[in-house]
Every structure is written in structure tokens, then in C-alpha cells.
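Peer 1:
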Amino acid sequence: MNMKIKGKVIKFGNNIDTDVILPGKYLILVDPYELAKHALESLDPAFPEKAKKGVILVGGKNFGCGSSREQAPLALKYTGVKCVLAESFARIFFRNAINIGLPVIECKGISDAVETGDELSVDFEAGKIENISRGKSFQANKLPPLILEILSDGGLIENLRRRINKK
Amino acid sequence: MNITEKILAKASGKKTVHPREIVDANVDMVMVHDLTGPLAVEAFKKIGVQKVWDNQKVVVILDHQVPAESVKAAELHKTMRQFAKDQKLRIYDVGRGGICHQVMPEKGHVVPGTVIVGADSHTCTYGAFGAFATGIGSTEAAAVFATGKIWLKVPEAIKVNVTGQFQKYVTPKDLILSIIGRMGVDGAIYKSAEFTGPTIKSMSMAGRMTLCNMAVEMGAKNGIVEPDETTRKFLEGRTSKALPNFESLKSDKDAVYERTMQFDVSSMEPQVACPSSVDNVKPVSEVGNVPIEQAFIGSCTNGRIEDLRLAAQVLKGERVKDTVRTLVIPASQEVYRQALNEGLMEIFTDAGAMVCGSACGPCLGGHIGLLAAGEVCVSTSNRNFIGRMGSTQASVYLASPATVAASAVTGKITDPRKLEAKA
Ligand code: SF4
Chain B
1 MNMKIKGKVI KFGNNIDTDV ILPGKYLILV DPYELAKHAL ESLDPAFPEK
51 AKKGVILVGG KNFGCGSSRE QAPLALKYTG VKCVLAESFA RIFFRNAINI
101 GLPVIECKGI SDAVETGDEL SVDFEAGKIE NISRGKSFQA NKLPPLILEI
151 LSDGGLIENL RRRINKK
Chain F
1001 MNITEKILAK ASGKKTVHPR EIVDANVDMV MVHDLTGPLA VEAFKKIGVQ
1051 KVWDNQKVVV ILDHQVPAES VKAAELHKTM RQFAKDQKLR IYDVGRGGIC
1101 HQVMPEKGHV VPGTVIVGAD SHTCTYGAFG AFATGIGSTE AAAVFATGKI
1151 WLKVPEAIKV NVTGQFQKYV TPKDLILSII GRMGVDGAIY KSAEFTGPTI
1201 KSMSMAGRMT LCNMAVEMGA KNGIVEPDET TRKFLEGRTS KALPNFESLK
1251 SDKDAVYERT MQFDVSSMEP QVACPSSVDN VKPVSEVGNV PIEQAFIGSC
1301 TNGRIEDLRL AAQVLKGERV KDTVRTLVIP ASQEVYRQAL NEGLMEIFTD
1351 AGAMVCGSAC GPCLGGHIGL LAAGEVCVST SNRNFIGRMG STQASVYLAS
1401 PATVAASAVT GKITDPRKLE AKA
């Protein structure tokens, strides 16, 4: 996985919960592309269309709170979300996203400093975020080596497979 | 150390641990259900190991889309049955178990002092028994299937000290709603919530489970209560596993907490979490005139026998308002059976409520009892997010079984104490 990305922002508010990211009634779907068609539809029915070309999602506090459903980060990943930046994350969502290979970074002050449509570049290793549109940069919480390793393998399963095969 | 730190230290083979330290913990039990299990099975197959690390420590429970409401759900169930068969796992199928978080302790899978992870956010319920229990995702469950281990960051702890005696019809649900109202939905994010004090010591297991169940609604990693005689009595005859010495699971006098919060329940009113956030909590007297179309009594938060007794006490001799549909769902087959024995089912059906089979039901808006646009439901469950129980234009209010039952009778959100005063 590329540890540096660029993309346009779509911004949401605080406490974006997993029922809003992917309602419970879709949990019987197994194809991630099918899940993706319903990502965040209760906040913005056009979201899957808008995210198609690849976006960086920015949230406020407690992003991903609620259910442990991994289908929530999966749906985001398969709509075209390249990474999620937020003031803070709910812990299960945070782990799930990393485990399926969707980068998530906690960055204080991010939600006030960017708007939908801004172009950002994110360096996961250095924890550096640059708002190219506004010429500003931020230092986010750096991801620990363990998490970077999982992300660069593309997820926990790939990481585990590599480690088990090494033994 | 506090109790959570003691459990995590033991599970990771250390003498002591400190908040924010990352430990590699041995897992004592892992649970998946019908909506998180299939993804875990798929991920497990990709890892490339043939067998789960310990087939005695993996439990499968079908409870969310139960009985299968669609062909798709039936396929998910089939996947889980096959996996359980291949791996020789304990599975609680339709009619044998009930809601995962009720079945796990009921069937003796929850032991104080152990580390339990489950692919469901309300796994934190088992903290009521003095276990460290937390929710994980499906992929992570697959990794646990393969390795029996999980990395965990030792959480900072918040001590929630509760004193006073509940008034009639004021319950542990009202307490936890009021705690979340004060803390906010992200007030305990990544942290441990330790419930303690005289009110907790005299609380039933059912009440402790309601508290710990909703710890995740303020962002907590786990909720926990020190095990005691009440815990031991509940577990007696349910588990064949040796119980640890409970003294070793008491938080030390010099244990460190990030902060301590005090709650006195003596003058607490019934509480209601208004749409669409669990921390939008008001005392029932301030909720105003809210007519309802549906009342739901059940879920892993409040579907236990104690909850059904309380609801029946309010509903006895009453009729639910004809504009309200009332659903009662016992949390497990055992609860169902007991409610039958005690004559509670008669009270519910006489009152005009519909009793459904033990499962998650409308709680997550995936199966029975969904809401249409513009409808209002008052529910004993744990989440009122937009779209949680059906239409994104429906609203959900959360309350205790007593408040929900009283509201079913009057057709609007009602203080159960007022209903009684009128009778
Ligand atoms: S009853 Fe509701 S909250 Fe509990 S496990 Fe089922 S869906 Fe989840």
C-alpha cells in the first residue's frame, strides 16, 4: 500500500455513527460493492456517487461510534474513501478500519481547518497532513509501527498470513 | 492496579501494566453472531490455518436475523452452521439460545477475571461479571480464531461511584442513561468505566448487565464491576469452570483513575434518551408530550426476566392504547420459559402486546418491528441513532421497561410513577 495519498475532502460532523455509515438492514449483504452503494446514504444519498473518484473523509469527534459492524468501514473503502481523518474515533471502528486496510488518522483541529472540496495530501508514516488548497499543514497523531505494518500489508489478514508463513 | 489492569496483566503474563501500554493478551473466549460471523469466517479462511486455536473457546450465536427473515439471512446462518460443524464449535441455533449477550453468561461462558472478545459492540456487557470484555470486528475475530491472542491498549479508567437507593420504578437503565447524559457519547472513549459503590453492590446481575451493556454508548472500551456473592450466585450451576479468587479481582486502594464521578440515585427520576443521540438524556418530566406508535420491551439491555417482571407489573390489568403496537421480546429462551412459568406472557397478551421469539428483534432495524417514516418508538434498547430501527425519518426514545410499559398504556411517553398514581 502507498503510504502517501492525495485527494479531495468530503467533510461530516461529530459522532458519525455506524448506523448512519451503514444501516443495519444492509448487513445481510456480503458483496462489499453492494454495501458501498448504501454508504452514508441517510446523510447524503449522493455520497457513493461523489466518493467514486476517491476521496478523503474528514469527521469530527467520535467518528464511527456505535456498532462493531466491520461492514461500515468496508462500505466506505469500497465507495472510494482513501482514508478517514477525524478529531477522534470510536475504538472498534478505528481497529476495524486498520484491519481491513483503510487508513484512519486522529488529527486534532482537522475538522475546523478543512472544508469539503479542499485538496489534501496525507503522509501516513510521518503523520503529516497538508491542505494544498489553503497552503497549511498539520501534524497528526503518528500511527504506531504495528499499525503501519498492518496497513502497508493491506490489512490484518494479509499481515497475519505473511507472519505465519515466515515462521 | 484497578480490576481491568489486573485482568490484562494476568492475560499478558505480566506483573503490572500501565494505562496506554500495549499488551498482547491471551483470549479466554471469543463470540461471533450471524451478522459478524460470516465475514469472520471468510477472513479466517484467507489466513491459511486449518483449525481455530481452541474449539472450546469459540462460540457462535445466531440472534440478529433470527429466524431467517430472508434468503440472504438464511445463507448467512447456513455459513455459520457449517463453520461450527467443521470446527466443532458450540453453536446456539434458532430456539436454543437467544441474544448473544444474554446467552453467553447464562450458559456459563463468562467467568470473572477472564478476557472475552466478541464481534459485537455490546460484548462489554460481560464486565458485569468482573471479566474484561470488549467488542471487536469480524477480521479481528478471525485473527483471534487463528492465534488466540489480541493486542490491546490498556485503558485509562474512570471510576463511577454510585450511592443511594432507587425509588420505585426507577432502574439501573435510568442510572446508565443519566451517566451517559452527563458523560456524553464520547466521554469515555478508549477508557474503562468501573462501576462501584453501595448501589452497585446491592444491584442484581441484571442491573449490572444493563449498566455495562451501555458503557460502549459513552465510547468506553469496557465497563466493569467487581465480582461478589451476587455474581457467584448467578454463576452457580451455570459454569463448570473454576472460579478465581474474587479477592484477587478487587481494585487496589491505591489504584489510579483518570477521574471519579459521583452519582446519587435517591432522587433520580426515570430518564429518557431523546432522538437521535444516546446522550440526549432528559428526566421524563422534561420530555413533554410525545405520542408514540410503537413500544419495544426487549434487547440485550433490558430483555431479562427482571425487566419483563417490571413491565408486567405496570401492564397488569391494563390495555395498551389502540394506537400503539407493543412488542415484548425475552432476551433468551431461558427468560422466555421463565416468563411463561411466572404468568407474565398472559399479562402481556391480555394487555394487547405481541410477544415474539427470543432474538434481537427491532433493536437494530434489520428484522421485525421496523418503523415507518414519521413514526415514534419508545424502546428499552440501547441506541436511538438515525435509521437505527427502520426509516431514517422515524424517531427512537430510549427508556426503562417501566417507562416503556407505562407509555404503551397511555400512548405517549409517560412516567410510570404517574400511571400508578392515577390507577
Ligand atoms: S439486542 Fe440489539 S444491541 Fe443487543 S446484540 Fe442484538 S442488535 Fe445488538
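So the sequences go chain by chain: B and F.
According to this note's numbering, numbering within the first sequence proceeds without interruption in unit steps and concludes at 167.
According to this note's numbering, numbering within the second sequence proceeds without interruption in unit steps and concludes at 1423.
Using N, Cα and C, we set each Cβ at its ideal position, and we do this for glycine too.
#1: Check distances from the C-beta atoms of the region 122–149 of chain B to those of chain F and list, in chain order, the residues that come in under 8 Å.
#2: So with CB distances below 9 Å, who are the chain B contacts of V1324/F?
#3: Whole angstroms are fine: how far does the CA of E1269/F sit from the CA of F1263/F?
#4: Just checking G1108/F against the ligand SF4 - is the residue's beta carbon closer than 8 Å to any of the ligand's heavy atoms?
#5: For the candidate residues A1273/F, A1133/F and V1144/F, whose alpha-carbon lies nearest to that of C1216/F?
#6: My assumption, with CB atoms under 8 Å, is that Y987/F sits in contact with V1272/F. Please give the rounded CB distance.
#7: If we define contact as Cβ-Cβ less than 9 Å, is F1296/F a contact residue for chain B?
#8: Going along the chain, which residues of the region 97–111 of chain B sit with their C-beta nearer than 7 Å to a C-beta in chain F?
#9: Would you mind sorting A1312/F into buried or exposed? The rule is 16 or more other CB atoms within 10 Å of its CB.
#10: I believe F89/B touches A113/B by the beta-carbon criterion, under 8 Å. Please report the beta-carbon distance rounded to the nearest angstrom.
#11: Straight-line CA distance for V1284/F to G1223/F?
#12: Using a threshold of 8 Å, is the CB atom of S88/B nearer than that to any non-hydrogen atom of the ligand SF4?
#13: Assuming V1027/F and V1111/F make a contact with CB atoms under 8 Å, what is their CB distance in whole Å?
#14: What residues in the region 1071–1094 of chain F bring their beta carbon closer than 7 Å to a beta carbon of chain B?
#15: If you draw a straight line from the alpha carbon of P73/B to that of L1419/F, how long is it in whole angstroms?
#16: For the ligand SF4, is there any heavy atom lying closer than 8 Å to the beta carbon of L1364/F?
#17: Is H1064/F near L27/B, with beta carbons less than 9 Å apart?
#18: Should the region 1112–1121 of chain F be called in touch with the region 1001–1021 of chain F, which here means at least 3 C-beta pairs below 8 Å?
#19: Which residues in chain B have a C-beta closer than 8 Å to the C-beta of G1466/F? List them in chain order.
#20: Show which residues of chain F have a CB atom less than 9 Å away from the CB atom of G13/B.
#21: Within 8 Å: the Cβ of S1299/F and any heavy atom of the ligand SF4?
#22: Whose C-beta lies closer than 6 Å to the C-beta of C86/B among residues of the same chain, with five residues either side of it excluded?
#23: Residues of the region 1027–1042 of chain F with a CB closer than 7 Å to any CB of chain B: list them in chain order, please.
#24: Can you tell me whether DSSP reads G59/B as helix, strand or coil?
#25: Identify the continuous beta strand (DSSP E) that holds R1090/F and give its terminal residues.
#26: What are the boundary residues of the alpha helix (DSSP H) that S152/B is part of?
#27: Suppose the cutoff is 6 Å on Cβ atoms and the five residues either side in sequence are ignored; what does the same chain contact list for L1039/F look like?
#28: For H1367/F and T1410/F, what's the separation of their Cα atoms in angstroms?
#29: Closest Cβ-Cβ distance between V30/B and chain F: below 9 Å?
#30: Does the CB of C65/B have a neighbour CB from chain F at under 9 Å?
#31: Exposed or buried, which one is H1033/F when buried takes at least 16 other CB atoms within 10 Å?
#32: Helix, strand or coil for N1213/F, going by three-state DSSP, please let me know.
#33: For the region 1108–1138 of chain F, which residues have a beta carbon sitting closer than 7 Å to at least one beta carbon of chain B?
Peer 2: Once the coordinates are examined:
#1: P144 and L146
#2: The sequence position of residue 1324/F within the second sequence is 324, counting from 1. Within chain B, no residue comes near V1324/F; the closest Cβ sits about 23 Å away, beyond 9 Å.
#3: Locating residue 1263/F in the second sequence gives position 263, where the first residue counts as 1. Locating residue 1269/F in the second sequence gives position 269, where the first residue counts as 1. Roughly 13 Å separates the two Cα atoms.
#4: By one-based count along the second sequence, residue 1108/F stands at place 108. The answer is no for G1108/F.
#5: For the purposes of this step, residue 1216/F is identified with residue 216 of the second sequence, where counting begins at 1. Reading off the sequence, residue 1216/F comes out as Val, not Cys. A1133/F is the residue among A1273/F, A1133/F and V1144/F whose C-alpha sits nearest the C-alpha of V1216/F.
#6: Limits of chain F in this structure are 1001 at one end and 1423 at the other, which puts residue 987/F out of reach.
#7: Here residue 1296/F refers to the residue found at position 296 of the second sequence. Interface annotation, F1296/F: not in contact with chain B, CB-CB separation never under 9 Å.
#8: N99 and I100
#9: The residue labelled residue 1312/F in the question sits at position 312 within the second sequence. By the neighbour-count criterion, in which a residue is buried when 16 or more other Cβ atoms sit within 10 angstroms of its Cβ, A1312/F is buried.
#10: Here residue 89/B refers to the residue found at position 89 of the first sequence. Here residue 113/B refers to the residue found at position 113 of the first sequence. Their Cβ separation, rounded to whole angstroms, is 18 Å, which puts F89/B and A113/B out of contact at 8 Å.
#11: The count along the second sequence starts at 1 and reaches residue 1284/F at position 284. The count along the second sequence starts at 1 and reaches residue 1223/F at position 223. Answer to the nearest angstrom: the Cα atoms are 26 Å apart.
#12: Here the question's residue 88/B lines up with position 88 in the first sequence. Checking every heavy atom of the ligand SF4 against the Cβ of S88/B, none is found closer than 8 Å.
#13: Numbered from its first residue, the second sequence carries residue 1027/F at position 27. Numbered from its first residue, the second sequence carries residue 1111/F at position 111. Rounded, the Cβ-Cβ distance is 13 Å, inconsistent with contact.
#14: Of all residues in the region 1071–1094 of chain F, only K1072, A1073 and L1076 come within less than 7 Å of chain B when Cβ atoms are compared, listed by chain position.
#15: The residue given as residue 73/B occupies position 73 in the first sequence. The residue given as residue 1419/F occupies position 419 in the second sequence. Looking at the two C-alpha atoms, the distance is approximately 45 Å.
#16: Translated into the one-based positions of the second sequence, residue 1364/F becomes position 364. For the ligand SF4, at least one heavy atom lies less than 8 Å from the Cβ of L1364/F.
#17: Locating residue 1064/F in the second sequence gives position 64, where the first residue counts as 1. Locating residue 27/B in the first sequence gives position 27, where the first residue counts as 1. Yes. Within cutoff.
#18: yes
#19: Given a span of 1001 to 1423 for chain F in the structure shown, any question on residue 1466/F remains unanswerable.
#20: Here residue 13/B is taken as the residue at index 13 of the first sequence, counted from 1. The premise fails here: G13/B is roughly 12 Å from chain F at the closest Cβ pair, so nothing lies under 9 Å.
#21: Counting from one through the second sequence, the residue named residue 1299/F turns up at place 299. Distances taken from the Cβ of S1299/F to the heavy atoms of the ligand SF4 include one shorter than 8 Å.
#22: If you number the first sequence from 1, residue 86/B lands on position 86. Strictly speaking, residue 86/B in this sequence is Ala, with Cys absent from that position. G59 and F63.
#23: L1035, T1036, P1038 and L1039
#24: Numbered from 1 along the first sequence, position 59 holds the residue referred to as residue 59/B. Three-state result, G59/B: strand.
#25: Taking the second sequence and counting its residues from 1, one reaches residue 1090/F at position 90. From DSSP, the beta strand (DSSP E) with R1090/F extends over R1090 to Y1092.
#26: As a working note, residue 152/B is residue 152 in the first sequence. P145 to D153 is the span of the alpha helix (DSSP H), which, as asked, contains S152/B.
#27: Taking the second sequence and counting its residues from 1, one reaches residue 1039/F at position 39. If you ignore the 5 residues before and after L1039/F, its C-beta comes within less than 6 Å of the C-beta of S1138, all in its own chain and listed in chain order.
#28: Taking the first residue of the second sequence as position 1, residue 1367/F is located at position 367. Taking the first residue of the second sequence as position 1, residue 1410/F is located at position 410. Their Cα atoms are separated by approximately 26 Å.
#29: Working through the first sequence from its first residue, we reach residue 30/B at position 30. It does: the Cβ of V30/B has a partner Cβ on chain F nearer than 9 Å.
#30: Here residue 65/B refers to the residue found at position 65 of the first sequence. So, interface residue.
#31: In the second sequence, counting from the first residue as 1, residue 1033/F sits at position 33. Note on H1033/F: 16 or more other CB atoms within 10 angstroms of its CB, so buried under the neighbour-count rule.
#32: Indexing the second sequence from 1 puts residue 1213/F at position 213. Of the three classes helix, strand and coil, the one that applies to N1213/F here is helix, per DSSP.
#33: A1119, D1120, S1121, G1135, I1136, G1137 and S1138
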